[in-house]
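Novice: Note that the sequence shown ends on residue 161 in our numbering; no numbers are left out. Glycine is no exception: its CB is placed at the ideal position from the N, C-alpha and C atoms.
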Amino acid sequence: MHKFWGNIEEDWAGYTSDIYFSCLFFDNPKVEIFLGDEYDEEGEEIEVPPTEKQLTAFEETYKTFIDNIEKHLIDLQSKAFDRYKRIYAKYYEDSEKSGEPPLNIDSIEKHNDYIKDLLYLRILDDKTIIVTIRYKLDTEHGIEFKFVDGQIDAVGGISEI
Numbered sequence: 001m002h003k004f005w006g007n008i009e010e011d012w013a014g015y016t017s018d019i020y021f022s023c024l025f026f027d028n029p030k031v032e033i034f035l036g037d038e039y040d041e042e043g044e045e046i047e048v049p050p051t052e053k054q055l056t057a058f059e060e061t062y063k064t065f066i067d068n069i070e071k072h073l074i075d076l077q078s079k080a081f082d083r084y085k086r087i088y089a090k091y092y093e094d095s096e097k098s099g100e101p102p103l104n105i106d107s108i109e110k111h112n113d114y115i116k117d118l119l120y121l122r123i124l125d126d127k128t129i130i131v132t133i134r135y136k137l138d139t140e141h142g143i144e145f146k147f148v149d150g151q152i153d154a155v156g157g158i159s160e161i
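This is the structure we're talking about:
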């Protein structure tokens, strides 16, 4: 039992607690927070819960993330739109390639509708949080954002970063 996280239990993708993430930007009102990695360096599932020291560090990382959520959302939206323009626009904005009318996604605001399905957060060592989203334009790969010490360090498909 941790003073902030409460009960820590093994879940489908690692360890979770009694605390859930909620943010009005996302469609999901109650999102799981995973504490620590799911797999070790050899690719084996981690079967030992995070230590008290790790949980306290995760608490600090999470609280700092929440305290700056508006800035993080702006960064996330901007990076997601940049990724759309770089990887997906050439397909979705060209009806000859997609076989559908162009989506006309030409702004962050128009793109935001496609990144609202938040799957979970994962808090890791070294002030790192992974935000995992079911990306409506690529549900097979999704999209993840790796925040390190409050800055987006990487953006990629799920489990790619």
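Does DSSP put Ser-17 in a helix, a strand or coil?
Specialist: To locate residue 17, count along the sequence shown from 1; it is residue 17. Ser-17 falls in the strand class under three-state DSSP.
Novice: Looking at the unbroken beta strand (DSSP E) that takes in Tyr-120, where does it start and where does it end?
Specialist: If you number the sequence shown from 1, residue 120 lands on position 120. Note, Tyr-120: beta strand (DSSP E), 117 to 124.
Novice: Just how far apart, CA to CA, sit Leu-35 and Asp-138?
Specialist: Start at 1 with the first residue of the sequence shown, and residue 35 comes out as number 35. Start at 1 with the first residue of the sequence shown, and residue 138 comes out as number 138. Roughly 26 angstroms between the two C-alpha positions.
Novice: Apart from the five residues just before and just after Phe-81, which ones in its own chain have a Cβ nearer than 7 angstroms to its Cβ?
Specialist: Position 81 of the sequence shown, counting from 1, holds the residue named residue 81. Cβ within range, chain order: Ile-108 and His-111.
Novice: Which parts of the stretch 79 to 151 are runs of the beta strand (DSSP E), unbroken and 3 residues or longer, counting only runs that do not cross its ends?
Specialist: Counting only runs of 3 or more, we get 117 to 124, 128 to 134 and 143 to 148.
Novice: Give the straight-line distance between the Cα atoms of Ile-105 and Asp-27, rounded to the nearest whole angstrom.
Specialist: Translated into the one-based positions of the sequence shown, residue 105 becomes position 105. Translated into the one-based positions of the sequence shown, residue 27 becomes position 27. Roughly 20 angstroms separates the two Cα atoms.
Novice: Out of Lys-127, Ile-33 and Gly-14, which has the shortest C-alpha to C-alpha gap to Ile-133?
Specialist: Numbered from 1 along the sequence shown, position 133 holds the residue referred to as residue 133. Among Lys-127, Ile-33 and Gly-14, the Cα nearest to that of Ile-133 belongs to Ile-33.
Novice: What did DSSP end up calling Phe-34 once you bin it into helix, strand or coil?
Specialist: Sequence index remark: in the sequence shown, residue 34 carries index 34 (1-based). Phe-34 falls in the strand class under three-state DSSP.
Novice: For Trp-5, count neighbouring C-beta atoms within 10 Å of its own C-beta (all shown protein chains included) and say buried if the count is 16 or more, exposed if not.
Specialist: Taking the sequence shown and counting its residues from 1, the one referred to as residue 5 is at position 5. It is buried - the Cβ of Trp-5 has at least 16 other Cβ atoms within 10 Å.
Novice: Taking the alpha-carbon of Ser-22 as reference, which of His-2, Lys-116, Ile-8 and Tyr-92 has the nearest alpha-carbon?
Specialist: As a working note, residue 22 is residue 22 in the sequence shown. Of the candidates His-2, Lys-116, Ile-8 and Tyr-92, the one whose C-alpha sits nearest the C-alpha of Ser-22 is Lys-116.
Novice: Where does Glu-44 fall in DSSP's three states?
Specialist: Looking up residue 44 in the sequence shown gives position 44. It is coil, neither helix nor strand.
Novice: Is it right to say Arg-83 is buried, meaning 16 or more other beta carbons lie within 10 angstroms of its own, or is it exposed?
Specialist: Position 83 of the sequence shown holds residue 83. By the neighbour-count rule (16 or more Cβ atoms within 10 Å), Arg-83 is buried.
Novice: At which residues does the alpha helix (DSSP H) containing Asp-67 begin and terminate?
Specialist: Numbered from 1 along the sequence shown, position 67 holds the residue referred to as residue 67. From DSSP, the alpha helix (DSSP H) with Asp-67 extends over 52 to 67.
Novice: Taking the beta carbon of Glu-144 as the centre, do at least 16 other beta carbons fall within 10 Å, making it buried, or is it exposed?
Specialist: For the purposes of this step, residue 144 is taken as residue 144 along the sequence shown, with counting starting at 1. Buried: at least 16 other Cβ atoms inside 10 Å.
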